[in-house]
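Here is the structure we will look at, set down as structure tokens.
Following this line, the structure appears as structure tokens:
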């Protein structure tokens, strides 16, 4: 029975993503979502009593995808370059995923339409641990004497931003094709090189 409930909730979320993308949160109706999800309105309201609760669930899904890519502990026995490159590869794989693009585009579009949606997004993002866990990895690198970083939070933001500039924002904002394998490799190589140049501690 629980599995059926999970399937229904998944169908509702997917339907809401499509409806919100097409109509926006304000113009979307719960009736349209229930029809697209092929569930009764009673079932829809049982799981998600408002459109806002649905949008919140969608944001959480987006951020859960982000969080999974960065829960890697610092290993002092492995080179910083190797660790950082591996994390970047995982991150880029997510950032290049078409489904992730669709989800991110919908959430960002709604945040631009509505200040309340933007506020909710900010609140959810702030619950993440320092730029998706990368800050903790940097802090551990500093403690291990491998990195020299005065502001780990800013350093993590810089690193992620360098990747997104090539493999995410052009695709989200102007619908460019997904980055090629070569473009992904170059983005990773440059982001890692910039980070190491700025923060790798000379022993």
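In the UniProt record's numbering, the protein residues as written are 1 to 203. Glycine included, C-beta positions come from ideal geometry on N, C-alpha and C.
Helix, strand or coil for residue i, going by three-state DSSP, please let me know.
i, result
"residue 163", "helix"
"residue 188", "helix"
"residue 147", "strand"
"residue 134", "helix"
"residue 44", "helix"
"residue 200", "strand"
"residue 97", "coil"
"residue 27", "coil"
"residue 50", "coil"
"residue 78", "coil"
"residue 177", "coil"
"residue 73", "coil"
"residue 6", "helix"
Would you mind stating whether residue i and residue j have Cβ atoms separated by less than 8 Å?
i, j, result
"residue 39", "residue 58", "no"
"residue 194", "residue 162", "yes"
"residue 120", "residue 56", "yes"
"residue 160", "residue 200", "no"
"residue 20", "residue 106", "yes"
"residue 15", "residue 4", "no"
"residue 103", "residue 61", "yes"
"residue 187", "residue 179", "yes"
"residue 174", "residue 81", "no"
"residue 17", "residue 101", "no"
"residue 218", "residue 143", "Lying before the first or after the last residue shown, residue 218 is absent from the chain, which here runs from 1 to 203."
"residue 63", "residue 124", "yes"
With a threshold of 8 Å between beta carbons, is residue i in contact with chain C?
i, result
"residue 15", "The chain inventory of the structure shown lacks chain C, comprising one protein chain alone."
How would you write the range of the alpha helix (DSSP H) that residue i sits in, first residue to last?
i, result
"residue 34", "30-37"
"residue 119", "115-126"
"residue 171", "169-174"
Practice problem: May I ask you to verify whether the region 41-60 touches the region 84-96, counting CB pairs closer than 8 Å and requiring at least 3? | Solution: no
Practice problem: Report yes or no: do the region 71-79 and the region 133-148 share at least 3 C-beta pairs separated by less than 8 Å? | Solution: With a cut-off of 8 Å, the region 133-148 and the region 71-79 count as touching, because enough Cβ pairs lie within range.
Practice problem: Check whether the region 90-98 touches the region 161-181, counting contact only when three or more Cβ pairs, one atom from each stretch, lie closer than 8 Å. | Solution: yes
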